[in-house]
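Mapping of the sequence shown onto mature numbering (1 follows the signal peptide of the UniProt record, and there is no 0): residues -21 to -1, 1 to 317, in sequence order.
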Amino acid sequence: MNSLFPLLLLSLVYAIFLSNALPVVRLGFYGNSASAAVTVTVGSSPADNFTSIQKAIDSVPVGNNQWVLIQVKPGVYKEKISVGVDKPYIYLQGVSWDTTEIQWGDHGTVKDTATFTVMADNFMASGISFRNTYNGPIVQAPAMMVYGDKVSFYKCAFIGIQDTLGDMQGRHFYHTCNIEGAVDFIWGFGQSQFHSCSIRSRGALLGGPGYITAQVRQSPQDDGGFVFKYCNILGNGKTYLGRAYSIYARVLFYECSLGGNVVPQGWDPWKSKGEENDTTFCDSTCSGPGSDTSHRVAWMKKLEGPELLHLVSLRLFMDKEGWVEAQPVPPGWMGSRD
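Here you go:
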């Protein structure tokens, strides 16, 4: 009898959750199909289930193992939001990053200041802007911090100044996103690919060049790294493509369009100074006014063959089991992965 109690309790929690939810919604991806077991809405209408995104997330049962679709209606949501480690399989769906925005203005350190934090595995978001509204002197003020594994974003925007997107740990996929900042605005230990994204530098705010990436990789065997594939690098201020937050930092820009805002040397050693040969920084087969590699730092890697293919291929680099395909992506939102 006692062994049945946890199952009965979980069933009761789901029953309460379902009583406040909408019918199942079918979501298509890659010619397959996936079902969101539950759909809830967030908005200002009396017909919506919640007026707060955090409350909608909190309503998901602990230990959830089925995709829950949270549809966020257009509007500006002034909330600091966290998806706990015990809330996996959440898909947060907005209408577009122009019409659906989450914003907060905390700053000082990265701990507990992000507008949105993802601790859970198997999280998705699409059509939403995540903004840190702090606009004072340059300090850490993240818009997004991602700690979970198998996390993906489609047509989302991340807007801030310093440390905008903390890609902290785990495997992450960003497709057709807009990422904006001035200093180290894509940073962390993550193993991530950025596909067809717009990367906008605000380096002019510094009175000098900014830095797009600050990647951390702890050893040559570490799988981590940032790969930018078919992205557009633009902005209103000069910027480095990245600086090394650790000796073994690894960042690749592949077939990207590099604007004139990219400084000729391209890369900065920072914390790998004196050991630059252990750092893997490369921009390969890029185009645009910032793509001339003749003035790049001498220690920039020239990746080719299997080493280049390993990073460029989504499946080889971070998706051997096909988790990206297994997530529910609305038809027309994904485009090409390769």
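Here a beta-carbon is modelled for each residue, glycine too, at the ideal position from N, C-alpha and C.
*Is Arg275 closer than 8 angstroms to Gly245 when the C-beta atoms are compared?*
Position 266 of the sequence shown, counting from 1, holds the residue named residue 245. Position 296 of the sequence shown, counting from 1, holds the residue named residue 275. Yes.
_Using only the alpha-carbon positions, how far apart do Ser(-11) and Asn215 sit?_
Position 11 of the sequence shown holds residue -11. Position 236 of the sequence shown holds residue 215. Per-residue confidence for Ser(-11) stands at a pLDDT of 45, beneath the threshold of 50, marking its modelled position as unreliable; no derived number is given.
*Quickly, what does DSSP pair residue 381 with across the bridge? List them, please.*
The chain is shown only over -21 to 317; residue 381 falls outside these bounds and no answer can be derived.
*Could you have a look at Pro285 and say whether DSSP puts it in helix, strand or coil?*
As a first step, residue 285 is located in the sequence shown; it is residue number 306 there, counting from the start. Correct three-state label for Pro285: helix.
*Report the three-state DSSP secondary structure of Val291 (helix, strand or coil).*
Within the sequence shown, the letter at position 312 stands for residue 291. Three-state DSSP puts Val291 in a helix.
*Would you kindly check if the distance between the Cβ of Gln50 and the Cβ of residue 318 is under 8 angstroms?*
A question about residue 318 goes unanswered here, because the residues of the chain that appear run from -21 up to 317.
_Top-ranked residue by Cα proximity to Lys134, from Ser198, Pro40, Asp201 and Ser105_ = Residue 134 sits at position 155 when you count from the first residue of the sequence shown. Of Ser198, Pro40, Asp201 and Ser105, the residue nearest in Cα terms is Ser105.
*Where does Trp83 fall in DSSP's three states?*
Taking the sequence shown and counting its residues from 1, the one referred to as residue 83 is at position 104. Here Trp83 sits in strand by DSSP.
*Three or more C-beta pairs below 8 angstroms linking the region 77 to 94 and the region 156 to 163*: no
*Skipping 5 residues on each side, what residues in its chain have a beta carbon closer than 7 angstroms to that of Val130?*
By 1-based counting over the sequence shown, the position of residue 130 is 151. Same-chain partners within the cutoff: Val97, Phe102, Gly149 and His151.
*asked:* Within 8 angstroms, do at least three Cβ pairs link the region 38 to 45 to the region 72 to 81?
replied: Cβ pair count under 8 angstroms is below three, so no.
*Three-state secondary structure (DSSP) at Gly111?*
Within the sequence shown, residue 111 is the residue found at index 132, counting from 1. Looking at the sequence provided, one finds Asn at residue 111 rather than Gly. Three-state DSSP puts Asn111 in a strand.
*Determine contact between the region 198 to 205 and the region 174 to 181, defined as no fewer than three beta-carbon pairs at a distance below 8 angstroms.*
Touching, no.
_With three or more C-beta pairs closer than 8 angstroms as the rule, is the region 214 to 234 touching the region 177 to 191?_
yes
*8 angstroms Cβ shell around Tyr224 - same chain, five flanking residues per side excluded*: Counting from one through the sequence shown, the residue named residue 224 turns up at place 245. The residues are Asp163, Trp166, Ala193, Gln194, Val195, Trp249 and Lys250.
_Report the CB separation of Pro307 from Ala35 in whole angstroms; it is logged as a contact under 8 angstroms._
As a working mapping, residue 307 is identified with position 328 in the sequence shown. As a working mapping, residue 35 is identified with position 56 in the sequence shown. Pro307 to Ala35, Cβ: 17 angstroms. No contact.
*My understanding is that Ser263 touches Leu231, with C-beta atoms under 8 angstroms, so please give their C-beta distance in whole angstroms.*
Along the sequence shown, read from residue 1 onward, the residue named residue 263 stands at position 284. Along the sequence shown, read from residue 1 onward, the residue named residue 231 stands at position 252. Yes, Ser263 and Leu231 are in contact; Cβ-Cβ is about 7 angstroms, under 8 angstroms.
*In whole angstroms, what is the alpha-carbon distance linking Leu282 and Cys261?*
Indexing the sequence shown from 1 puts residue 282 at position 303. Indexing the sequence shown from 1 puts residue 261 at position 282. Here the alpha carbons of Cys261 and Leu282 stand approximately 7 angstroms from one another.
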